[in-house]
Amino acid sequence: MQLVLERRAERSGTIALVSPLIAIGLTILTMVILFAMLGKNPLLALHAYFIMPLTDGYSLQEIAVKATPLVMIAIGLSLCYLANAWNIGAEGQFVIGAVAGSWIAVKTQGTDAGAWVLPAMLILAAAAGALYALIPAICKLKFGASEILTSLMLVYVADLFLDYLVRGPWRDPQGFNFPTTAEFDPVATVPLLIEGGRLHFGSVIALLVVVAAAILLRHTIKGFEIRVVGAAPRAARFGGFNANQLIILTFAVSGALAGLAGIIEVAGPIGHLQPGISPGYGFTAIIVAFLGRLNPLGILIAGLFLALSFIGGEQAQIAMKIPLDVTKVFQGILLLYVLACDSLVLYRFKLVFANRQVTRGAG
Amino acid sequence: MELVEAIILAVLAASTPLLIAATGELVTERSGVLNLGVEGMMIVGAACGFAGAWLTGSIFIGALFGMVAGALMSLIFALMALGLAVNQVATGLALTILGVGISGLIGAGFLGERITPAVHLYIPVLTDIPLIGRVLFGEDGFVYFSVALIVGVWWFLYRTRAGLILRACGDNHVSAHALGYPVLRIRTFAVMFGGACAGLAGAYLPLAYTPFFIPGMTAGRGWIALALVVFSSWRPGRLVVGAYLFGAVTILQLHAQGWGVGIPSQFMSALPYLATVLVLVLLSRARSGGSTAPAALGTVFVPDR
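Here the protein sequences line up with chains A and B, keeping their order.
With my numbering, the residue at position 299 of the first sequence is 299, and numbering never jumps.
For any residue, its number in my numbering is found by taking its place in the second sequence, counting from 1, and adding 363.
Now the structure itself:
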């Protein structure tokens, strides 16, 4: 007797809807076991992770602040993954965007530059992120080099470049030798939505990106082409869609969004350029994209959920001394369960009684 | 003279983890499976390897811990990508994210601890030969094992029937299945071999390269190992050349930083990563006539019954 996988005649709509919920349930179950193994009270730990951040206004704002880059990057990545292009270097595009935008902030520091500074920073960051993402796209199309590996290698290069800038030419002379630029001027800072709060204008941009992506995918021909090229490459060829052009487009858009997220993070919550501007947003966004089923609205919800896990992880560390790495384990397990549950949309399990007829026929 | 010898020794030490991890991944990919989780398996191998050596005081047991940890991680991958027919690229990424977290959890208890690193071979007279003595007769066990490993893999793939069947699974799983070979079981073994190698390669870092564990100490070596497999055109012989070339680039940039060449150190540190991109581009271009990758690499296989 054996458990085997069998392709469904058509994809199951019910499972497509509930599979992320099953995945979250299984993840929480696994976390309970992990907490118990670490010698922590699982119920208290779950409370610290998922309930405590929802109970005060400051943490709620902080969730929205953390979800902003995650959602923006994940929307771009979802376009790539829908078109079957594997950009996994969003972390690097995020950093390059932050660096490019900061260049204007650093150069205009202390001058009487006007209100054009912040818009210019955003545009330059998006352009730089797009260009940086085009490197792996072009290497793939022109030379056939794996975009997975090249985009990832460029993450390390971007991190080192940022490190060089803040330790070298851009270091704040009054910064007591810390590797950071000076605080950005007010005109180079993303404005807050509530005076004295944490929520900033970047979250509004993220929401606009979600809406734009939803319209692109559901109501435009380009969106249709992206979905067809990924789901049925042969049909797309017969339909005369230009797959190469779509790879360029999706890489450029995802790079631009990651770059934009980078400068918003630096000119918003952080306020200056420094190493370690991202706790792995570019990689967590991959989980957000899949947990949200590559769907804009789903990504918005998934982004908020993973932001909750970041904040919850910090609170659990303060309240219960649970190591921060638990959050990474949580995210990894979650992605595995999401992928496993997604498999059940296309396949189902079947019990097979070991090829009895074959044995009989042979005997 | 002594400087040359020191550089060769350093290159060998830097190349060995790349060679071991890439050898494992080569076997995995020849069976038709693309496991992008090498970095994750390596970092877990590093944490478990160090834990094993620290607890037992034996480098050998530490290395075994690393191998078992890597194989267990790869078993998760096999369960997902082979058992549940999940997209291999996404599963591999998930494995790396998970691995970074797990290694942080395990390694947290051992931060700041030190062990006695793996001993180097010493044969009187032979090891004392100038220039080549220490290179040939004065290495640690990992270096010799890595050479034996790649020779063994070459022999297995090209000189045994089992190796032929494994390659057949990688080139055309439908035909291999039609001939009656258990494609998924063969692939599971190949994936676990790759995992054990990645775990061992990770364990090499805290057991022989530096005598302590730091989080994230693999620093992208798992990804470079993946690129090396592409570089090698999936052939063991070229893999050796590639691994030592990359080791040389790593060591040269370190020395260049020491010599105080007027280039910022961050640019030198970026060299191995940039070299990887460049190599991928040049090689993929040279091969425009046709891909040398296993034909079924990375594709999902669900046998008909």
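All C-beta atoms in this analysis are idealised placements derived from N, C-alpha and C, irrespective of residue type, glycine included.
Not a single C-beta of chain B is nearer than 8 Å to the C-beta of A/F310. Comparing alpha carbon positions, the residue from B/Q616, B/G625, B/L645, B/W622 closest to B/A633 is B/Q616.
Contact between B/L563 and B/G455 does not hold, since their C-beta atoms are separated by about 19 Å, which reaches or exceeds 8 Å. At a Cβ-Cβ threshold of 8 Å, A/G303 and A/A74 count as neighbours. A/V352 is bridged by DSSP to A/Q2. Contact with chain B is absent for A/I28, since none of that chain's Cβ atoms lies less than 8 Å from the residue's Cβ.
Taking the beta carbon of A/C80 as reference, no residue of chain B falls within 9 Å; the closest one sits roughly 12 Å away. Its Cα nearest to that of B/R584, the residue B/A384 stands out among B/A384, B/S595, B/G558, B/F664. B/V463 counts as buried, since no fewer than 16 other beta carbons sit within 10 angstroms of its beta carbon.
In the displayed model, A/R7 falls within a strand according to three-state DSSP.
Separation of the CB atoms of A/G292 and A/I286 is rounded to 11 Å, and the pair is thereby denied contact status at 8 Å. In this structure, B/E402 and B/W586 form a Cβ contact; the two beta carbons are roughly 6 Å apart against a cut-off of 8 Å.
Between the region 264 to 274 of chain A and the region 307 to 319 of chain A, the count of Cβ pairs shorter than 8 Å is below three; the stretches do not touch.
Among the residues of the region 422 to 443 of chain B, those with a Cβ less than 8 Å away from any Cβ of chain A are I439, M443, in the order of the chain. A distance below 6 Å between beta-carbons, with the five flanking residues on each side excluded, links A/G89 to the following residues of its chain, in chain order: S151, L152, L154, V155. Contact annotation, A/G312 with A/Y49: C-beta distance approximately 4 Å; criterion of less than 8 Å satisfied.
The CB of B/N450 comes closer than 8 Å to the CB of L339 in chain A, given here in chain order. A/F94 has its alpha-carbon roughly 41 Å from the corresponding atom of B/L366. With its beta carbon less than 8 Å from one in chain B, A/A145 belongs to the interface.
Around the CB of B/I465, 16 or more other CB atoms lie within 10 Å, so the residue is classed as buried. When Cβ-Cβ separations below 8 Å define contact, B/W586 makes contact with chain A. For a Cβ distance threshold of 7 Å, residue set L461, G464, I465, L468 of chain B lies close to A/V329, ordered along the chain.
Exposed is the label assigned to A/N41, since fewer than 16 other Cβ atoms lie within 10 Å of its Cβ.
Of the residues assessed, B/T523 falls on the exposed side of the cut-off, its CB having fewer than 16 other CB atoms within 10 angstroms. Not a single C-beta of chain A is nearer than 8 Å to the C-beta of B/G408.
In this structure A/A23 touches A/L334 by the C-beta definition: roughly 7 Å separates them, less than 8 Å. Considering only beta carbons, the part of the region 1 to 32 of chain A lying closer than 8 Å to chain B consists of V4, L5, E6, R7, in chain order. Taking each of A/G230, A/G255, A/L257, A/L207 in turn and checking the Cα distance to A/N244, the smallest one comes out for A/G230.
Of all alpha-carbon atoms in B/F556, B/L458, B/C532, B/V537, the one lying nearest the alpha-carbon of B/V516 is that of B/F556. If you draw a straight line from the Cα of B/V642 to the Cα of A/N87, it comes to about 19 Å. Where B/M555 is concerned, the enclosing alpha helix (DSSP H) starts and stops at 546 to 567.
For A/D325, the enclosing alpha helix (DSSP H) has its first and last residue at 325 to 346.
Excluding sequence positions up to five before and after A/P179, its CB lies within less than 8 Å of the CB of D163, V166, R167, R171, Q274, P275, all in the same chain and listed in chain order. For A/P169, the number of other beta carbons within 10 angstroms of its own is below 16, and it is reported as exposed. Around the beta carbon of B/I614, 16 or more other beta carbons lie within 10 angstroms, which makes this residue buried. Runs of the alpha helix (DSSP H) lying entirely within the region 203 to 274 of chain A, each at least 4 residues long, are 221 to 231, 233 to 238, 243 to 265 in chain order.
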